[in-house]
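Visitor:
Residue numbers (the working numbering): 8 to 79.
(1) Relative to the alpha-carbon of residue 21, which residue among 79, 46 and 73 has its alpha-carbon at the smallest distance?
(2) Whole angstroms are fine: how far does the CA of residue 29 sit from the CA of residue 13?
(3) Beta-carbon separation of residue 51 and residue 18 under 8 Å?
(4) What runs of the beta strand (DSSP E), each 3 residues or longer, lie entirely inside the segment 27–56?
(5) Using three-state DSSP, classify residue 76 as helix, strand or coil.
(6) Looking only at its own chain, which residues have a Cβ that is under 7 Å from the Cβ of residue 55, when we skip the five neighbours before and after it?
Next comes the structure, spelled out in structure tokens:
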């Protein structure tokens, strides 16, 4: 897996990783947000699977999820 983006976001870090899917025969992206609390202790994980018309960026940009994750 290759990290292709690393940005500060709401006190934490937003990363995007790319990996090759042999099953689908294409490259795929995975977005990972680590809220500021992750620097000190374990935090819960939330998995979001995008549909056919979504990208790995939709949830991050449109839902405001990273702001909420940082606050909680």
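In this text, a Cβ means the ideal position worked out from N, Cα and C, and glycines have one as well.
Computed from a predicted structure; not experimentally measured.
Guide: Quick answer:
(1) Counting from 1 along the chain shown, the entry for residue 21 is found at position 14. Nearest of 79, 46 and 73 to residue 21, Cα basis: 73.
(2) Within the chain shown, the letter at position 6 stands for residue 13. Within the chain shown, the letter at position 22 stands for residue 29. Whole-angstrom Cα-Cα distance: 25 Å.
(3) Numbered from 1 along the chain shown, position 44 holds the residue referred to as residue 51. Numbered from 1 along the chain shown, position 11 holds the residue referred to as residue 18. No, the pair does not count as a contact, with Cβ atoms beyond the cut-off.
(4) Correct list: 33–41.
(5) In the chain shown, residue 76 corresponds to position 69, counting from 1. Three-state DSSP puts residue 76 in a helix.
(6) Along the chain shown, read from residue 1 onward, the residue named residue 55 stands at position 48. Result list for residue 55: 66, in chain order.
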